Amino acid sequence: MKIDQVPYGQLESLRLRWTSASGALPNAAVPGAEALLQFSEREAQATLRVGGEVLGVQGDGRKHEVLLDDLCTRHFPHIAWVVDAGAQVLTLQVRTFLHALTLPPIELGIDEKALEALERIDRKLASPERALDWLDEQFFLDGEAGRRGFATAESTTGAFALFGRTARAFIRRVKRPDSTEGLLVDRVARGRGQGGEQLALVSGDVRFVDATVAGKLRADAAAQLSSLITAGSSFLDLWSRYGSMENEAALRRARRAGWLKYDHVESLPDGRYRFSLANDCTLEDADQFKRTLTEEQGLGVEAVSEVPEVLTREMSWAEYEAQPRPKDAPSPATFDGRVELHRRDRTITLLQRRSDDGTPPGTGALVVSLHGDKTRLKRRAEAEGAIREARCPMPQLGLLLEGRPVATPRRGAIAPVTPNVRRKVFGARSPTPAQEKALQVALNTPDIALIQGPPGTGKTTVIVALVERLQEVWDTQDGVQGRLLLSGFQHDAVENAIQRMNINGLPPIKFGGRSNSTEDADRVDVTIDRWCNERSAEIRKNLPSRPASALQKELSELVQGYLLAPGTRAHTASLLRSFTPHLLGAVPAALVDRLVTLARDLSEHARAARRGDPDHERLVRCVRALRCDGRSFADDGPRNADRLARALARAERRDEQAKKLLETATLWTGAGDPPFLDDLRALRRRLLLDMLPPDRTEDTIPRVRTDILELLGEVRDHLEQHQNTSRDGADEATWRFLAALEGEPEAVKRAILSYTSVFAATCQQSARQELAALKGSEGYDTVVVDEAARAMPLDLFVPMARAKRRIVLVGDHRQLPHILDQELERELEEALSGGKSAGERTSEMLKESLFERLFKDLGDREKRDGIPRVVTLDEQYRMHPVLGQFVSDQFYKPHGEAFRSPRPASEFVHSLPGYSGSASWLSVPRKLGLERDGQSKSRPVEAEAIVAELKRLMDSKEGRELTFGVISFYKQQVKVIEDALVDAGIVARTDDATEIVEPYRELVLPNGRVAERLRFGTVDAFQGMEFDVVFLSMVRSNPRGIFGHVTSPNRLCVAMSRQKRLLIVAGDDGMLHAANAPKAISPLVEFHKLSEVRDAARV
1 MKIDQVPYGQ LESLRLRWTS ASGALPNAAV PGAEALLQFS EREAQATLRV GGEVLGVQGD
61 GRKHEVLLDD LCTRHFPHIA WVVDAGAQVL TLQVRTFLHA LTLPPIELGI DEKALEALER
121 IDRKLASPER ALDWLDEQFF LDGEAGRRGF ATAESTTGAF ALFGRTARAF IRRVKRPDST
181 EGLLVDRVAR GRGQGGEQLA LVSGDVRFVD ATVAGKLRAD AAAQLSSLIT AGSSFLDLWS
241 RYGSMENEAA LRRARRAGWL KYDHVESLPD GRYRFSLAND CTLEDADQFK RTLTEEQGLG
301 VEAVSEVPEV LTREMSWAEY EAQPRPKDAP SPATFDGRVE LHRRDRTITL LQRRSDDGTP
361 PGTGALVVSL HGDKTRLKRR AEAEGAIREA RCPMPQLGLL LEGRPVATPR RGAIAPVTPN
421 VRRKVFGARS PTPAQEKALQ VALNTPDIAL IQGPPGTGKT TVIVALVERL QEVWDTQDGV
481 QGRLLLSGFQ HDAVENAIQR MNINGLPPIK FGGRSNSTED ADRVDVTIDR WCNERSAEIR
541 KNLPSRPASA LQKELSELVQ GYLLAPGTRA HTASLLRSFT PHLLGAVPAA LVDRLVTLAR
601 DLSEHARAAR RGDPDHERLV RCVRALRCDG RSFADDGPRN ADRLARALAR AERRDEQAKK
661 LLETATLWTG AGDPPFLDDL RALRRRLLLD MLPPDRTEDT IPRVRTDILE LLGEVRDHLE
721 QHQNTSRDGA DEATWRFLAA LEGEPEAVKR AILSYTSVFA ATCQQSARQE LAALKGSEGY
781 DTVVVDEAAR AMPLDLFVPM ARAKRRIVLV GDHRQLPHIL DQELERELEE ALSGGKSAGE
841 RTSEMLKESL FERLFKDLGD REKRDGIPRV VTLDEQYRMH PVLGQFVSDQ FYKPHGEAFR
901 SPRPASEFVH SLPGYSGSAS WLSVPRKLGL ERDGQSKSRP VEAEAIVAEL KRLMDSKEGR
961 ELTFGVISFY KQQVKVIEDA LVDAGIVART DDATEIVEPY RELVLPNGRV AERLRFGTVD
1021 AFQGMEFDVV FLSMVRSNPR GIFGHVTSPN RLCVAMSRQK RLLIVAGDDG MLHAANAPKA
1081 ISPLVEFHKL SEVRDAARV
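Just so you know, the UniProt record's numbering puts the end of the sequence shown at 1099, numbered straight through with nothing missing.
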């Protein structure tokens, strides 16, 4: 702090006469400069040191002489500074203290709890660096006498308080892990205290230092992680190697596809482009290109002018990334990976990605796009590097992932649920004990919390409650923009989580979208526009009358516009008619009547000037439409000439010259400009002069009318009088808000982005440039990842590396696992295996999701440090209790994670014809048809049975208000089901896509939300989804007892837990009698025992 800002000690003013050897006042003696008073015993003279010079001083008068003598002889500690420097007299301010304390060099530590207190004072103090600077400026005075501060005397417990300019810091002694003692800032509070404290003037080398776990760990963590990675035993090293192999695999894939040269490109109306293959490009090349794109999902295509060098020679990923790219080089046009090859005319048709508006070059080559891979892999590498080198906002994250010991930060406790959260999120149903514990753990974790959510246990509700609770905890004084990142492996998971959120009345903002969807490029704008439209509609339902101030503003704009650009009579009449209704009740009725009368008179005069004959007006329009120049005549000249000829005939205007000319124009089919254009131009002018009145200046030449201005002036006076006698502040605010919602979209967007605390994006897109621009280098206070067990570690690292205070992973490792490239998995196993056991360990580490790894490790860590970080939700509310018990027994109870189903069966009843319970098996015996071989299995007879029964139920009276899902383990079976749905009229097929038709597509729920009425797909598309009725296609029907994907407990768990009321498994129940069935497909065997069996032959 500055010396003149010191608020402590007894304050006195001291006037001194000064003398100096030079006779001049030192340059340093300026207001605000510190001054040191001393007394020379030998010379019996008081002196004053300012800067580097010494002055002789004496009091200016008896009063100041006594005060100077007290200061110099009683040796009270004090500080003094110059407030005025005159030619003869210096005026000082002096603050005197009773005690002085000289300290040895000491450090005052700032940990996480103190940082939280500082953040409540000012959000900018959330980072240790800024906090330390602020504390130094707040509590210490630096000057010629060294560093000084102001403190209470130390107590017997070693605690004391520092008093700063506008705050107090309470210090206590603590024991460090090495048994030495240190000083720690226990808390920081606003204000200077009560004023009765006996403060000592403290001097010495005293410093605030970063004592957060992050600060202490950053260097240690980086060193430990480096040692682990060098030894090759690191979890991070394993996934770093997998990432490097992915890079090289992306290049191999692009080279395998090759390139297709084209010599012509044509833009089609539906957003597609047709490329004509060049002569040196063979159909075999095109087949190979298409095959690669079909086999590898998610690839895109680029149209480039030249084949990239990376495809023509061997090159590593590092070399490819290092290749310079011209700054002004345009981005290539990109297309979806669905290739339509037309062999007969040697063309390729591609659909341009909706987020791309580039134009392909006229000639060039089609190549597999590496841009998406480059971006995706770069994001992974940057996140993994930040974690490995402890550069992320939570530097201990890498050690946590490695299962190493870490120090835990000291923080204040946060209560899990408040009455507001209980009412807003949980409503009539209170949170379960496990849900409340999950909130307790998530809010108070020192670093990472895991919430395992078996099907239907309300994990999304917990996420919403967590976000709501954090809104209450965060201090909003300095803004809350983007304090929380909500992420997930897939868009569905993120959208499902934010759908129920309404944070402080504002929508969570999701950044990015599906690459093939219209929502991608302007997803943020779409969300904000929808929110604005909904708010606008709500306001207009109860919109108050327009306040006088708003009417005044509108009137002022109308008058200014009229003066600057007066319109015709018709235009002016229209303006008055649109404005007058708003004045009802705000000005006298007689004045409104005068405005209505004036508008009517203007309109009638305008119509009279046009002769008021609709037929005449149509004839004039036909004359004006006559084309008289070459370009416009080539467009629709003959047609308009014919229209005018017929209009003249209907009007019985006999003009032989015009008739002959118009017939010639009507029949013209020649090339070039017609020779009769000048004659048409003369005819048009002659007819207009004949049809229009001789004097139309009053209607055609805009003029300002004084009678209109005088009448509007009266309106203005009445509005001013009305405003002075009314209180319409709230109404005015409502109208202004409505005007902003409907007329200022960019301003509303900026405001929402500034005040919305939740940003949402998938794991990959949480690193997108748009988010980085909003957040800068600052991390998120909290990162929540839903469906975290589905994300492979490299993707999960991306959002986790951005967390500063806490990471909350929500998911279920008993459901779908993360997906790996099996070829890369084998390659990595071979590279790291020093023997069979090493290869097996590598395989286990790769197959185990990061969520499952942390689930085990954090549970073990709790046994060591006593800090709970893992919670399993244990009550499901989604499905019928019989089905809930079945899912719990089959998939969770064996692991000690059983859950209950407290909702009664009566809440899940249905009246679907032919079904009485919640579990059913649609038997499709082997004799009706076996499965079909192929890379992906299918069974058409089973698909036909499912679709027939599905249609029957959806069309039934009892099924019209229910939602349905159809799940298979195989992509080919989904394709066969889709074909059957098309045949049944449930799905319509277009050129390159299919869509569910009404009334099967959507259903309006009782709460007004629109839900999918039908979804069909593989099990991967259903995690997180729920439907009233679910059909599960088993597919496998063979005499060898081979079950394939059906044996996966994770996939079975998801597939058999999506329903609320009824689960129907369709399949060959003869497979359940195979010798290995009880072990291989135990859940299906047990479900068959639970089910009522219906014969598909009767369907």
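The beta-carbon is built from N, C-alpha and C at its ideal position, and this holds for glycine as well.
Here the structure is a predicted model, which is why all the values come from computation and not from measurement.
Own chain partners of residue i with C-beta closer than 7 Å, once the 5 adjacent residues on each side are dropped
i	result
L558	L575 and F579
E1020	According to the sequence shown, residue 1020 is Asp rather than Glu. Answer for D1020: L816, listed in chain order.
W317	N247, E248 and L251
V748	I528, C532, A740 and L741
L941	The residue asked about is misnamed: residue 941 is Val in this sequence, not Leu. Taken in chain order, the residues that qualify are V924, L928 and G929.
N1076	G1041
F208	L108, I110, L132, L135 and D136
Range covered by the beta strand (DSSP E) that runs through residue i
i	result
A984	Premise fails: A984 is in no beta strand (DSSP E) and is neither H nor E.
K553	Note, K553: premise wrong, no beta strand (DSSP E); alpha helix (DSSP H) at A548 to L564.
P104	H99 to I110
A87	No beta strand (DSSP E) contains A87, which DSSP labels as neither H nor E.
A665	From DSSP, A665 is part of no beta strand (DSSP E) but of the alpha helix (DSSP H) over E656 to T666.
A945	No beta strand (DSSP E) holds A945; the alpha helix (DSSP H) holding it covers P940 to D955.
Y273	R272 to L277
H342	E340 to H342
D336	A333 to D336
L366	G364 to V368
Sequence-distant residues of its chain with Cβ nearer than 6 Å to residue i (five each side left out)
i	result
R20	Checking the sequence, you will find Ser at residue 20 rather than Arg. Excluding positions up to five away in sequence, the list reads L55.
F1043	R1036, A1080 and I1081
F76	T96
I996	V987 and L1014
Proximity of residue i and residue j at Cβ, strictly below 8 Å
i	j	result
A548	A590	no
R404	E112	no
A493	T872	no
S487	S766	yes
E53	G143	no
A438	V421	no
L351	D373	no
F759	F511	yes
F170	V202	no
D18	L48	Before going on, a small fix: residue 18 reads as Trp here, not Asp. Yes.
residue 1104	A381	The chain is shown only over 1 to 1099; residue 1104 falls outside these bounds and no answer can be derived.
L1084	V1065	yes
L619	N640	no
F964	L1014	yes
P128	G204	no
Span of the alpha helix (DSSP H) around residue i
i	result
I387	H371 to R388
L235	Correcting the residue type first, residue 235 is Phe in the shown sequence and not Leu. Note, F235: alpha helix (DSSP H), F235 to A257.
R681	L677 to M691
D781	Unbroken run through D781 is the beta strand (DSSP E), Y780 to D786; no alpha helix (DSSP H).
Same chain, Cβ closer than 8 Å to residue i, five either side skipped, listed in chain order
i	result
T152	F160, A161, F163, E197, Q198, L199 and A200
G779	C392, P393, M394, R802, A803 and K804
A465	V417, V421, V425, F426, P431, Q435 and L439
Residue i at chain B interface by Cβ criterion, 8 Å
i	result
V982	Among the chains of the structure shown, chain B does not appear; only one protein chain is present.
Heavy atom of the ligand HEM within 7 Å of residue i beta-carbon
i	result
T418	Only the bare structure without any ligand can be found here, which leaves the ligand HEM out of the picture.
Is the stretch 1022 to 1038 close to the stretch 1055 to 1068, with three or more CB pairs under 8 Å?
yes
At a cut of 8 Å, does the stretch 848 to 856 reach the stretch 445 to 459 through at least three beta carbon pairs?
yes
Can we say the stretch 1005 to 1013 touches the stretch 970 to 977, given the rule of at least three CB pairs closer than 8 Å?
Under the three-pair Cβ rule at 8 Å, the stretch 1005 to 1013 does not count as touching the stretch 970 to 977.
Below 8 Å, how does it come out for the stretch 373 to 386 and the stretch 238 to 252: are there three or more Cβ pairs, yes or no?
yes
Should the stretch 660 to 667 be called in touch with the stretch 676 to 684, which here means at least 3 C-beta pairs below 8 Å?
With a cut-off of 8 Å, the stretch 676 to 684 and the stretch 660 to 667 count as touching, because enough Cβ pairs lie within range.
Say whether the stretch 939 to 950 touches the stretch 892 to 911, bearing in mind that this needs 3 or more beta-carbon pairs closer than 8 Å, one atom from each stretch.
no
For the stretch 456 to 496, list the alpha helix (DSSP H) runs that are entirely contained and at least 4 residues long, ordered along the chain.
459 to 473
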